[in-house]
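**Student:**
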Amino acid sequence: MISSVRLDGSTACMVVDGATNKEVFQANLSNILLPTLRSGDIVIMDNLSSHKNKEVRKMVESVGAQLWFLPSYSQELNPIEKMWSKIKSILRTLKAGTEESLINAIAKALEAVTANDAKGWFESCGYANTIC
């Protein structure tokens, strides 16, 4: 699964059957994330190899957004990790047993992400004075 979270708590998510490579990630950017971005937005990414290529930077910057990369091994600076903690907790309680029920459970878990959650995650990662 590839996902993002905004300060207002909204998410952009794509479920993938298989590994996420450069092509899959760029398809997610084109079809899911880029349409939600506005000029001046900041996209924070970790150092996954599919994130770190010139085409990704061009795509993000083409809509007027900035691309920031986190230092290596710095999950504590990544708000999406905190979102995933909440999502996984909800998914454990829903106990989806089929692919279809898992996709429905993921949608339900993503709907549970609130603006207060997101603001807290960004602040706890040290972004309060930068983007909050």
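Going by our numbering, the sequence shown opens with residue 2, and the numbers climb by one from there.
Just so it is clear, CB atoms sit at the ideal spot from N, CA and C, and this is done for glycine as well.
Computed from a predicted structure; not experimentally measured.
1) Can you give me the start and stop residues for the beta strand (DSSP E) that residue 115 sits inside?
2) By how many angstroms is the C-alpha of residue 57 removed from the C-alpha of residue 135?
3) Could you give the residue range of the beta strand (DSSP E) that holds residue 12?
4) Less than 8 angstroms separating the beta-carbons of residue 51 and residue 23?
5) Comparing alpha-carbon positions, which option in 102, 118, 53 lies nearest residue 87?
6) Any chance the segment 91-109 sits against the segment 66-82, with 3 or more Cβ pairs inside 8 angstroms?
7) I'd like to know whether the C-beta atoms of residue 78 and residue 127 end up nearer to each other than 8 angstroms.
8) Is it true that the CB of residue 91 sits closer than 8 angstroms to the CB of residue 110?
9) Mind listing, in chain order, the continuous beta strand (DSSP E) runs of no fewer than 3 residues lying wholly within the segment 21-51?
10) Mind checking who residue 76 pairs with in its DSSP beta bridge?
11) From the DSSP output, which residues share a beta bridge with residue 3?
12) Could you check whether residue 10 and residue 129 sit closer than 8 angstroms to each other, using their CB atoms as the reference points?
13) Among 75, 37, 49, which residue has its Cα nearest to the Cα of residue 61?
**Tutor:** Result, derived from the coordinates:
1) Position 114 of the sequence shown, counted from the first residue, corresponds to residue 115. Neither: residue 115 is in no beta strand (DSSP E) and is coded neither H nor E.
2) Look at the range of the chain in this structure, 2 to 133, and you will see that residue 135 is not part of it.
3) Looking up residue 12 in the sequence shown gives position 11. In the DSSP assignment, residue 12 falls within the beta strand (DSSP E) that extends over 12-15.
4) Looking up residue 51 in the sequence shown gives position 50. Looking up residue 23 in the sequence shown gives position 22. Result yes, Cβ atoms of residue 51 and residue 23 sit closer than 8 angstroms.
5) As a position in the sequence shown, residue 87 is number 86, starting the count at 1. Restricting attention to 102, 118, 53, the CA atom closest to the CA of residue 87 is found in 118.
6) Verdict: no, contact absent.
7) In the sequence shown, the residue the question calls residue 78 occupies position 77. In the sequence shown, the residue the question calls residue 127 occupies position 126. Taking 8 angstroms as the cut-off, the beta carbon of residue 78 is found closer than this to the beta carbon of residue 127.
8) Here residue 110 refers to the residue found at position 109 when the sequence shown is read from its first residue. Here residue 91 refers to the residue found at position 90 when the sequence shown is read from its first residue. Remark: C-beta atoms of residue 110 and residue 91 approach each other more closely than 8 angstroms.
9) As far as the segment 21-51 is concerned, its whole beta strand (DSSP E) runs of at least 3 residues are 43-46.
10) One-based indexing of the sequence shown puts residue 76 at position 75. BP columns for residue 76 are empty, so no partner.
11) What you label residue 3 is simply residue 2 of the sequence shown in a count that begins at 1. BP columns for residue 3 point to 15.
12) The count along the sequence shown starts at 1 and reaches residue 129 at position 128. The count along the sequence shown starts at 1 and reaches residue 10 at position 9. Their beta carbons are not under 8 angstroms apart, which means residue 129 does not touch residue 10 by this criterion.
13) In the sequence shown, counting from the first residue as 1, residue 61 sits at position 60. The option with the nearest alpha carbon to residue 61 is 37.
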